[in-house]
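Undergrad:
Numbering (this note's numbering), first residue to last: 65 to 236.
(1) Any idea which residues DSSP pairs residue 140 with across the strands?
(2) Residue 167 by DSSP, collapsed to three states: which one?
(3) In its own chain, which residues sit with a C-beta less than 7 Å from the C-beta of residue 121, not counting the 5 before and 5 after it?
(4) List the whole-angstrom C-beta distance separating residue 209 from residue 181, where the pair is believed to meet the contact cut-off of C-beta under 8 Å.
(5) Any contact of the segment 156-167 with the segment 70-85, i.e. 3+ C-beta pairs under 8 Å?
(6) Ordered along the chain, which non-local residues of its own chain (more than five positions away) have a Cβ less than 8 Å from that of residue 224?
(7) Taking the straight line between their C-alpha atoms, what separation do you get for residue 159 and residue 184?
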């Protein structure tokens, strides 16, 4: 699959079968995150693979909206960054998460990015703090998001190049 095809096929999927994701496919997705560029090559990101259904259910409650489907996903990857290693942790984590999101397409997996940074749970508590506590991380660890991974038969149709809105491009 070439890069253009991957870009067109990448869709956010929120319904997963209960089939386990193979370690081989998870490692391929992780490889994309581990090899993602980071500012000054400081590589502040670390990745937590979550397959425990009880923990996935708890993580699904970390946000007021947009994360409930995680309770039914067979796997998620938390993208965390050591904020003491790099002040560019948001950018570095976002790049890594994007690489993994695209890599999932190549591995014939469905995925969805769940934003955690700057989000709150239903009770108003900080989503990052909730995830940090569930993963047993100290305060210096920051979490941009989680990537839900799995298999799905309900994958939306791919985008087409006609979906690109060139009114958002400005030539100077």
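Cβ atoms here follow ideal geometry from the backbone N, Cα and C, with glycine treated the same way.
TA: Taking the geometry as given:
(1) Paired residues: 114, 212.
(2) Of the three classes helix, strand and coil, the one that applies to residue 167 here is helix, per DSSP.
(3) Correct list, in chain order: 135.
(4) With a contact defined as Cβ atoms closer than 8 Å, residue 209 and residue 181 qualify at about 7 Å.
(5) Contact holds: three or more Cβ-Cβ distances are below 8 Å.
(6) For residue 224, where only same-chain residues beyond five positions count, the Cβ hits under 8 Å are 72.
(7) Roughly 23 Å between the two C-alpha positions.
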